[in-house]
Every structure is written in structure tokens, then in C-alpha cells.
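Using the UniProt record's numbering, read the sequence shown as starting at 5 and increasing by one per residue.
Using N, Cα and C, we set each Cβ at its ideal position, and we do this for glycine too.
Report on the following structure.
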Amino acid sequence: VQSKKPSASMAKDLKRKRENDSPLQAKRLKLMVSRKELPIWSRKDDILGALEKHNILVLSGETGSGKSTQIPQFLLDASWCTKCVAITQPRRVAAISLARRVAEEMGTPLGKSSPASKVGYSVRFDEAIGPSTRIKYLTEGMLLQEMLRDSSFGQYSCVIIDEVHERNLNVDLLLGFLRELVYSKRRKQPLKLVVMSATADVVGISRYLQAGSPEPSSNGDQTTENDEQEWNGFSENERPARTASRVALVHVEGRQYPVTLSYLDKPCDDMAQAALERIFLIHCKEPLPGDILVFLTGQDKIQQLKASVEAFAANLPPKIPPLQVLPLFAALPQSAQQQIFQPAPPRTRKVILATNIAETSVTVPGVRFVIDCGKAKIKHFHPKLNLDSLLIQAISRSSADQRKGRAGREAPGQCYRLYTQNSYNILEQATSPEILRCDLSAAVLTMIARGVKDPFRFPLLTPPNPKSMMKAMLQLLRLETIDSSGAITPVGRKIARLPLPPNLGAVILYAASEASSCLAEVIDIVSCLTVESIYQHIETESAREEALAARGTLTRRSGDHVTLLTTIRAYAAESTDRKAWADAHLLSHRALQNVLAVRKQLRAQCLSAKLLSGKTFPEDTDAGDPLQPVDEDLEARILKCFIRGFVDNVAKLCPNGSYKTLLGNEIVAIHPGSVLFGRKVEMILYNELVFTSKAYARGVSAVRVGWLEEVWP
Ligand code: ADP
Numbered sequence: 005v006q007s008k009k010p011s012a013s014m015a016k017d018l019k020r021k022r023e024n025d026s027p028l029q030a031k032r033l034k035l036m037v038s039r040k041e042l043p044i045w046s047r048k049d050d051i052l053g054a055l056e057k058h059n060i061l062v063l064s065g066e067t068g069s070g071k072s073t074q075i076p077q078f079l080l081d082a083s084w085c086t087k088c089v090a091i092t093q094p095r096r097v098a099a100i101s102l103a104r105r106v107a108e109e110m111g112t113p114l115g116k117s118s119p120a121s122k123v124g125y126s127v128r129f130d131e132a133i134g135p136s137t138r139i140k141y142l143t144e145g146m147l148l149q150e151m152l153r154d155s156s157f158g159q160y161s162c163v164i165i166d167e168v169h170e171r172n173l174n175v176d177l178l179l180g181f182l183r184e185l186v187y188s189k190r191r192k193q194p195l196k197l198v199v200m201s202a203t204a205d206v207v208g209i210s211r212y213l214q215a216g217s218p219e220p221s222s223n224g225d226q227t228t229e230n231d232e233q234e235w236n237g238f239s240e241n242e243r244p245a246r247t248a249s250r251v252a253l254v255h256v257e258g259r260q261y262p263v264t265l266s267y268l269d270k271p272c273d274d275m276a277q278a279a280l281e282r283i284f285l286i287h288c289k290e291p292l293p294g295d296i297l298v299f300l301t302g303q304d305k306i307q308q309l310k311a312s313v314e315a316f317a318a319n320l321p322p323k324i325p326p327l328q329v330l331p332l333f334a335a336l337p338q339s340a341q342q343q344i345f346q347p348a349p350p351r352t353r354k355v356i357l358a359t360n361i362a363e364t365s366v367t368v369p370g371v372r373f374v375i376d377c378g379k380a381k382i383k384h385f386h387p388k389l390n391l392d393s394l395l396i397q398a399i400s401r402s403s404a405d406q407r408k409g410r411a412g413r414e415a416p417g418q419c420y421r422l423y424t425q426n427s428y429n430i431l432e433q434a435t436s437p438e439i440l441r442c443d444l445s446a447a448v449l450t451m452i453a454r455g456v457k458d459p460f461r462f463p464l465l466t467p468p469n470p471k472s473m474m475k476a477m478l479q480l481l482r483l484e485t486i487d488s489s490g491a492i493t494p495v496g497r498k499i500a501r502l503p504l505p506p507n508l509g510a511v512i513l514y515a516a517s518e519a520s521s522c523l524a525e526v527i528d529i530v531s532c533l534t535v536e537s538i539y540q541h542i543e544t545e546s547a548r549e550e551a552l553a554a555r556g557t558l559t560r561r562s563g564d565h566v567t568l569l570t571t572i573r574a575y576a577a578e579s580t581d582r583k584a585w586a587d588a589h590l591l592s593h594r595a596l597q598n599v600l601a602v603r604k605q606l607r608a609q610c611l612s613a614k615l616l617s618g619k620t621f622p623e624d625t626d627a628g629d630p631l632q633p634v635d636e637d638l639e640a641r642i643l644k645c646f647i648r649g650f651v652d653n654v655a656k657l658c659p660n661g662s663y664k665t666l667l668g669n670e671i672v673a674i675h676p677g678s679v680l681f682g683r684k685v686e687m688i689l690y691n692e693l694v695f696t697s698k699a700y701a702r703g704v705s706a707v708r709v710g711w712l713e714e715v716w717p
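Here it is, written out as C-alpha cells:
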């Protein structure tokens, strides 16, 4: 035994040495240097101290100060933090890239790749969580879903809600539930809540959280004792007169260098052209290093500008350094996301073409120049059509200021606004919270599933419009997710647990019924509807014809739903080269890969919810010839499921050839991208509307009046 002792300790030393020498550890040590330079690093004691005394901490700090990456790691050092830390993000891309970064900083592998991994993420249709995970990055929707399964959040010691300034609907809901859960007797140990914002405007939020405590103002009059702690980092005039001490506030100053601003003298009509010119003026005039960040409205505009910049850059004189053009939008695959954080190759300038995701969610290093188009895609609710859509509109002044700030993170920078100073002056101060401008049916269903008896009286940070609440209740009633007393039905409970909006959830449930028996097919179509478009972008009429010809064998007369089904099955059946197959059909290989991943997840979720009588989906779903016509009876059953979930989106042919929605009497036209474009059928069902010169229905199929009567007797 004695002779074994030294060798055991030697083995331990050896193990430690090996661990320190491993590439993961080497990377960890290297990153430690830059972590220590982050403004938040010197505030660790303040932050942990505040959470020792208080259950809730509201933390504000400039983008890039280190909140999202460092706070969860700080918390692991607190004695009360014995379980997991959850941290929410508004977007998948941020959740995944932050998890990867923090795993590197901690020297641990990411998620499921190793049982020892301490950091993981969970986003819709993708999860990387291991048995040892201590820090979990999730999208807001995923945390809400978890809450429905475990209402007291037993697995967490702390929940961090990041990016609250964006005021997404799901964040407002989470805050509503969490401010009570923090004091819940159902929990064995208290839950700590950290709410983080990129703007210092957090007084309203802290008051709201304060009011959730069982004794809201019991300490409210004893202001001084904890004031320094509570208002750490805030100047005297930023503090409210009197605060109760349930909620602590900490403000972290960011590092911000001066940014010179320029505006256009007169408004421009061609934003893409103006951005292109500005990129090359900067690139040819300004010395390296100094990357350019361009804010655009969406993926399509980003891809178009990327093509123009690359075409133009190819013809520059050799003495001008090359450009590396990188897109950044929510649907970007992981590998491409990671490129954003890499420094540009030597003697090269990076140009990042981003949506408003780069405003606060993702911090891109190396940027000295910002070009801001002044617009963003913002979600809006159309009460008459009972649906949400994304509209391009002017951003708020606070968004414009955030965008400008991106140029001055590492050195003095320049910001070019592609609009006039006058246009800036008349912008709204801040974007209104999402709760005031979107369909509330998913939110209301979540509240009811979580046990809220009267959603109209549930206290939210911004009370929603009662009319929108009523619309949501009616929609839920119609989908039979709630009964006439407002209580959740068994179907409603199942739908609430699917990671889908209630209408798509209803489609899935209906497909699983014995009468429909087309769950596998409907999951295929729903998977296509939940990812970005599977079609490559088409600009011109001639390109449209080319695309239709290329996709000819996949097109089905009944419309887009069954065409999607045929397409995804043909893609899945392709065994040699899926990418080449996708390109030959002018389809997006990346989107189709995503569809298959979503389908896999949805199938698993339907199995665990026991929506299928068998134990597995028939192995032969993808067998047989996918190009054979779909049986007419099956086709009818599939489309009836969609009528079930989308009855608001049914429109009837009028004598003048236009289509009018049955329930709202609104005129809609078939989108040129639909296989039904140019055809007249008695009735159509569509998946969504896009608004350009008029309301265009997209994802359209022909349906029969008789089916409607069958589904909605
Ligand atoms: P905040 O939440 O305050 O905006 P973050 O913690 O997100 O700040 O970022 C801190 C620093 O970490 C930034 O300088 C950023 O560039 C860097 N960083 C964040 N995520 C990544 C990533 N995925 N890869 C590389 N660097 C990253």
C-alpha cells in the first residue's frame, strides 16, 4: 500500500499537468488575458455582493462590457450557486456563439461532445447539454418551455435574463413569472434572478420586479442602509428618490471611444448603392486595421449586397488590400457565425453585413466603421388579418445610437448614417415593446398552461392591449386549446409543450388524429415552414422561369404545401450529392439541411408526447419514389390539417379574380413565388402574408369549400 501512495499522487500531478497542457487549457489561459481587460471584471465583488444580499439584481452595462460572457462564470463562484445557471438570449445565433465562447474561456468542451462539459446551450430544435452542464445558454422561448415542464425551475440556482432592453414578448412573460418565483415557497432554495440590459434605463424594470415581492415596500422607507449597494455605479441623479431593497442595481461603465458621425445631405432612394459606395470610399481611403460593420434590414438584402461588394472588389487595383465579406443574420449556420469573431486575415479588411442582431446581441471585434441604413424588420400585428408580419421600418433613436456605438469599442471610430440628420431627429425614442405589436395567442396559452387563471389580470411590465388579448383568447378557444371557461384543455396542454406557435401546434395535433393519420407528412411540411425559405433567392422574371423549370418535377398542382413535402422527401432520398442536387433545383442546401434537423426534433417530440400510436415513425417515410404523385385522399387529409390551424388564412375567389379572406374580408393576392401564382381556384389557404405593394399570400394551396365544412362544422 505504501509503495502505491507516491505513485498515486504522481499520477494526479501528471493528470493535472496533462490537463493544463491540453489545447483546451492553453486556450483558456490565453483568453484569460482578454477577460481580465473587460470592464466588468473589476466589478465581480460588487455583483456577487449584491446577490448575497438580494434575490434580484438588475445589471446595466454597455454592449461589450462583458455581461453575457462573464456574469454566469462569476456566479459559479457564489456559495449559494450549487446548481445550474440559465441565461437567456433573444436569438439562437447569440445563444450558441456565447456558449461556445464561454466553454473556451472555461477550458471545457461544449455541450454533449463530452460528459465533463460545463457549458451548453438549448435553442429551438437544437440542444447541447451534458450531465455536468453548469451554465446553460437558452433562447427565451426555450426557457419558457422548460418552465411549463418544471414550474419551480428546480434545476437552477439562478436565472439570468439578458438583453431585456429589446423587450421581447417572451422576456416580458418570463419576468412576470420569475418575479414571483423568486419568492416562491415551492422552492427548497431561493432562486436568484439577474436581469441585464445594454441601456441604463432600468428604473422601471427594477420597480416592477420589486413589486413582485411578497412585502413590496416593507423596507422602502429605510433608504440609506443599502443604497450604495443597490445603486452601485449610478450617479446621484439616476437614482430614484427612495428604493426598497429587494432589488439591487449595478451599472457597469463600458469602454467607449469617440465616434464621428456623418449624415446624408438629402435622403437616398437606393440604400444598397449608397452602402456599396460608402464601403469602398472607406476601404480605399482609410488605413488598416479597421473593419466595417453595415446594418441592413434582412437576409435577402445582405446576400444581394454581399454579391455586389464581392463583384466590385474583384476589379480593384492590386495595391488596394482585399476585402473579406461576412454576413451576420439570425438564420446563419454555426460555422459561419464563428467566422465573425476571427480577426481578418493579414492585410485584409473585414466587412460584416448584419441585421440588427449586431446592435447589442453579438459584439463583433475589430470594427471601426459603422454604416447604418436606419431601418430594420420589425414585427407587427394586423388585427384584421389576425396575423403577425415583419415590416421594414425606421429604427428608433436608441437603436441608431447603439449602432453608432459599435464603431467606438476598441478605438475612435466613424459612423455613416445613410439618412439625413432631420430623419434622425424625428425617429421614435425607443422601439415599442413587442407585447404591444404582435399576436398574443402563444403568450396567453403559455400563461394559462402555467396556471394563470385570468390572463387579463396577469401583471406584466407593459400591460397589453385588452383587444389583442381578447383576439388571442378567441383564437385559442377556436383551436380548442382552452374551453369556454378559459381553462386549458388536454389538447391545449400538448400544444403548449410543442416548440411551435399554437396554430402550427394545432395542425400537428389534428394530423395525429385517427381521421387524418398523416403526422409524418405534416411534420415534413411544418419543418419546412419553420426554417428560412428553402428556395434560392430569385430576382428577375427570367430567373423565376428558370427556377420553375428547374423545380418542375417537384411541383405539385395542389399548391405549395404538397410541393414542399415532395421537395423535402426527394432531398432526403438523394443519396449521392445533396448539395449538387439542391443547386440543380435552385434550392438552398443549407435550409434543407435545417429542415431535416427540425424534422428529426419534431418527430422525437411527437413521439415523447405520444402523438403517434407506434413507437417510431415508419422507417419507410423516405422510401419509395418521392416523385410519384401524392395520393389525392392523403393530399386532402394533409390540407385539412392546415385548415384546422389556419382558418384565418383561408380566402375565397371573387368574381373579379381576386381573393378575399373568409373571416376578415381582406383582399389578398397570390405571391409570385407560389406554384399557384396565376391560377384561379375556388378557395386558397396560405401560410403567411407579405406586404409590399399589396398583401401577398405565400405558401399557398388550393382547398375545397367542403373540406372547410368538414374541419369546422
Ligand atoms: P456584453 O454582454 O456586455 O455585450 P459580452 O460578454 O457579450 O458583452 O462580450 C464580451 C467580449 O467577448 C466582447 O469583446 C466580445 O467581442 C467577446 N465575445 C463574445 N462572444 C464571443 C464569441 N463567440 N467569440 C469570440 N469573442 C466573443
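- Task: Leaving aside the five residues before and after T567 along the sequence, list all residues of the same chain whose C-beta is less than 7 Å from its C-beta, in chain order.
- Result: The count along the sequence shown starts at 1 and reaches residue 567 at position 563. Counting only Cβ-Cβ distances below 7 Å, and skipping sequence neighbours, we find L558, T559, R560 and V679.
- For the candidate residues K698, T92, I75 and L590, whose alpha-carbon lies nearest to that of V175? Taking the sequence shown and counting its residues from 1, the one referred to as residue 175 is at position 171. If we check each option's Cα against that of V175, T92 comes out closest.
- Would you report the Cα separation of T350 and E290, rounded to the nearest angstrom? For the purposes of this step, residue 350 is identified with residue 346 of the sequence shown, where counting begins at 1. For the purposes of this step, residue 290 is identified with residue 286 of the sequence shown, where counting begins at 1. Looking at the sequence provided, one finds Pro at residue 350 rather than Thr. About 16 Å.
- heavy atom of the ligand ADP below 8 Å from S69 C-beta: Sequence index remark: in the sequence shown, residue 69 carries index 65 (1-based). Yes - the ligand ADP has a heavy atom lying nearer than 8 Å to the Cβ of S69.
- Any idea what DSSP makes of F333, helix, strand or coil? Stepping through the sequence shown from its first residue, residue 333 is reached at position 329. F333: coil per DSSP, three-state reduction.
- Buried or exposed for V168, please, with buried defined as at least 16 other CB atoms from any protein chain shown within 10 angstroms of its CB. Numbered from 1 along the sequence shown, position 164 holds the residue referred to as residue 168. So V168 counts as buried.
- Message: Below 8 Å, how does it come out for the stretch 196-213 and the stretch 57-70: are there three or more Cβ pairs, yes or no?
- Response: yes
- Message: For A453 and R497, I'd like the C-alpha separation in whole angstroms.
- Response: Reading the sequence shown from its first residue, position 449 is the one you call residue 453. Reading the sequence shown from its first residue, position 493 is the one you call residue 497. Cα to Cα, A453 sits roughly 6 Å from R497.
- Assign M110 to buried or exposed, taking buried as 16 or more other Cβ atoms, counted over all protein chains shown, within 10 Å of its Cβ. Along the sequence shown, read from residue 1 onward, the residue named residue 110 stands at position 106. Buried, by the Cβ-count rule.
- Item | CB of I60 within 9 Å of CB of L178, strictly | Here residue 60 refers to the residue found at position 56 when the sequence shown is read from its first residue. Here residue 178 refers to the residue found at position 174 when the sequence shown is read from its first residue. Against a cut-off of 9 Å, the Cβ pair of L178 and I60 comes out as no contact.
- Consult DSSP for Q233 and reduce its assignment to one of helix, strand or coil. Looking up residue 233 in the sequence shown gives position 229. In this prediction, Q233 has a pLDDT of 41, which is less than 50 and means its spatial position is unreliable; what the coordinates show is noted afterwards. In this structure, Q233 counts as helix in the three-state DSSP scheme.
- Query: DSSP three-state call for I475: helix, strand or coil?
  - Reply: As a first step, residue 475 must be located in the sequence shown, where it is residue number 471. Note that residue 475 corresponds to Lys in the displayed sequence, not to Ile. Residue state, collapsed to three classes: helix.
- Measuring alpha carbon to alpha carbon, tell me which of D130, E536 and A516 ends up nearest S617. Taking the first residue of the sequence shown as position 1, residue 617 is located at position 613. The candidate whose alpha carbon is nearest that of S617 is A516.
- Would you be able to state if there are at least three C-beta pairs under 8 Å between the stretch 360-380 and the stretch 295-315? yes
- Taking the alpha carbon of Q433 as the point to measure from, which residue in I647, R401, K457 and S11 has its own alpha carbon closest? By one-based count along the sequence shown, residue 433 stands at place 429. Among I647, R401, K457 and S11, the Cα nearest to that of Q433 belongs to R401.
- Message: Count Cβ pairs between the stretch 522-531 and the stretch 600-610 that sit closer than 8 Å; are there 3 or more?
- Response: yes
- Task: Please find out if some non-hydrogen atom of the ligand ADP comes closer than 8 Å to the beta-carbon of S403.
- Result: The residue given as residue 403 occupies position 399 in the sequence shown. No, the beta carbon of S403 sits no closer than 8 Å to any heavy atom of the ligand ADP.
- Item | Terminal residues of the beta strand (DSSP E) in which S531 lies | Walking along the sequence shown from the start, residue 531 turns up at place 527. Not the beta strand (DSSP E): S531 falls in the alpha helix (DSSP H), residues L523 to T534.
- Message: Less than 9 Å between the C-beta atoms of I439 and L173, yes or no?
- Response: What you label residue 439 is simply residue 435 of the sequence shown in a count that begins at 1. What you label residue 173 is simply residue 169 of the sequence shown in a count that begins at 1. Contact: yes.
- In terms of residues, what are the limits of the beta strand (DSSP E) holding Q418? Start at 1 with the first residue of the sequence shown, and residue 418 comes out as number 414. Where Q418 is concerned, the enclosing beta strand (DSSP E) stretches over G417 to T424.
- Helix, strand or coil at L253 [DSSP, three-state]: Stepping through the sequence shown from its first residue, residue 253 is reached at position 249. In this structure, L253 counts as strand in the three-state DSSP scheme.
- Query: Are the beta-carbon atoms belonging to Y423 and C272 less than 9 Å from one another?
  - Reply: Taking the first residue of the sequence shown as 1, we reach residue 423 at position 419. Taking the first residue of the sequence shown as 1, we reach residue 272 at position 268. Going by C-beta atoms, Y423 is nearer than 9 Å to C272.
- Measure the C-alpha to C-alpha separation of A317 and K270 and round it to an integer number of angstroms. Here residue 317 is taken as the residue at index 313 of the sequence shown, counted from 1. Here residue 270 is taken as the residue at index 266 of the sequence shown, counted from 1. In a straight line, the C-alpha of A317 is about 27 Å away from that of K270.
- Kindly indicate the opening and closing residues of the alpha helix (DSSP H) around S546. In the sequence shown, the residue the question calls residue 546 occupies position 542. Looking at the DSSP string, the run of the alpha helix (DSSP H) that includes S546 is E545 to A554.
- Query: Is the beta carbon of S155 sitting closer than 9 Å to the one on T86?
  - Reply: Numbered from 1 along the sequence shown, position 151 holds the residue referred to as residue 155. Numbered from 1 along the sequence shown, position 82 holds the residue referred to as residue 86. Not closer than 9 Å, so no.
- Return the CA-CA distance between E170 and K381, expressed in angstroms with no decimal places. Residue numbering aside, residue 170 sits at position 166 when the sequence shown is read from its first letter. Residue numbering aside, residue 381 sits at position 377 when the sequence shown is read from its first letter. Cα to Cα, E170 sits roughly 14 Å from K381.
- Query: Say the cut is 8 Å; is the CB of R104 nearer than that to a heavy atom of the ligand ADP?
  - Reply: Here residue 104 corresponds to residue number 100 of the sequence shown, with the count starting at 1. Yes, the ligand ADP has a heavy atom inside 8 Å of this Cβ.
- Task: Would you decide whether Y690 is buried or exposed? Buried here means 16 or more other CB atoms lie within 10 Å of its CB.
- Result: For the purposes of this step, residue 690 is taken as the residue at position 686 of the sequence shown. Buried: at least 16 other Cβ atoms inside 10 Å.
- Determine the burial state of G180: buried for a count of at least 16 other Cβ atoms within 10 Å of its Cβ, exposed for fewer. As a position in the sequence shown, residue 180 is number 176, starting the count at 1. Classification for G180: buried.
- In chain order, which beta strand (DSSP E) runs of at least 3 residues are fully inside the stretch 158-213? 160-165 and 196-201
- Query: When the Cα atoms are used, what is the spatial distance from L449 to P437?
  - Reply: Position 445 of the sequence shown holds residue 449. Position 433 of the sequence shown holds residue 437. Looking at the two C-alpha atoms, the distance is approximately 19 Å.
- Query: Secondary structure at K664, three-state DSSP: helix, strand or coil?
  - Reply: By one-based count along the sequence shown, residue 664 stands at place 660. Strand.
- Message: I'd like to confirm something about A453: is its beta-carbon nearer than 8 Å to some heavy atom of the ligand ADP, or not?
- Response: Looking up residue 453 in the sequence shown gives position 449. It does not: the Cβ of A453 is nowhere closer than 8 Å to a heavy atom of the ligand ADP.
- Task: If I'm right that A411 touches L431 with Cβ under 8 Å, what's the distance once you round it to whole angstroms?
- Result: For the purposes of this step, residue 411 is identified with residue 407 of the sequence shown, where counting begins at 1. For the purposes of this step, residue 431 is identified with residue 427 of the sequence shown, where counting begins at 1. Between L431 and A411 the Cβ distance is about 19 Å, and since that is not below 8 Å, they are no contact.
- Query: Near E219, what residues of its chain come up, given a Cβ to Cβ distance below 7 Å and the 5 sequence neighbours on each side ignored?
  - Reply: On the sequence shown, residue 219 is found 215 positions in, with the first residue counted as 1. Interpretation of E219 is limited by its pLDDT of 45, a score under 50 that renders its predicted location unreliable; the figure taken from the coordinates is listed afterwards. So no residue of the chain qualifies.
- Message: For the ligand ADP, I want to know if A252 counts as a neighbour, meaning its beta carbon is within less than 8 Å of at least one of the ligand's heavy atoms.
- Response: Translated into positions along the sequence shown, residue 252 becomes position 248. No, the beta carbon of A252 sits no closer than 8 Å to any heavy atom of the ligand ADP.
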